[in-house]
Amino acid sequence: MILINCPNCGPRNSSEFRHAGEAGKVRDVTTADPATWRRYLYEQDNPLGWVTESWFHTNGCRSFLRAERHTGTNEIRWVLPIDDLGDVTERAKGNNP
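If you want my numbering, it's the 1-based position in the sequence shown plus 1.
Quick look at the structure:
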């Protein structure tokens with residue numbers, strides 16, 4: 002079980018959320034050829050370590066969130082509303098407000 006500390010609802014089981022993908026990944030629907038679309042959809046990075054991801058709280062506040070999660074341990078370092086990221090570098094160092 003992954004516990005996600007929603008800034009609006011408090012700690013919740015990850016089953017209440019929908020993983021919305023890698024943060025900052027942008028698709029270009031106007032110029033992408035079929036090969037580019039295939040790479041976008043199916044050839045995902047799968048790094049070991051800390052990654053920043055987008056999540057949607059489907060069974061709670063219905064907010065989009067940004068979280069940093071370790072892909073090996075599923076530990077979540079921080080969670081923020083997408084519109085309130087602030088200085089994520091300081092958060093990564095453990096300096097949470």
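Quick reminder that beta carbons are idealized off the backbone N, C-alpha and C, glycines included. Computed from a predicted model, the values in this text were never measured in an experiment.
Between Arg67 and the rest of its own chain, which residues show a CB-CB distance below 7 Å, the 5 nearest in sequence each way excluded?
Indexing the sequence shown from 1 puts residue 67 at position 66. Hits under 7 Å: Ala24, Thr53, Ser55, Leu81, Ile83 and Leu86.
According to DSSP, is Arg67 helix, strand or coil?
One-based indexing of the sequence shown puts residue 67 at position 66. In this structure, Arg67 counts as strand in the three-state DSSP scheme.
Does the count of Cβ pairs from the region 7 to 18 and the region 58 to 65 closer than 8 Å reach three?
yes
Anyone know if the C-beta pair for Ala33 and Tyr41 falls short of 8 Å?
In the sequence shown, residue 33 corresponds to position 32, counting from 1. In the sequence shown, residue 41 corresponds to position 40, counting from 1. Yes, the Cβ-Cβ distance between Ala33 and Tyr41 is below 8 Å.
Measure the Cβ-Cβ separation of Asn75 and Ile5 and say whether it is below 8 Å.
For this step, residue 75 is matched to residue 74 along the sequence shown. For this step, residue 5 is matched to residue 4 along the sequence shown. Contact: no.
Name the one or two DSSP bridge partners that Ser55 has.
If you number the sequence shown from 1, residue 55 lands on position 54. Partner(s): Gly22 and Arg67.
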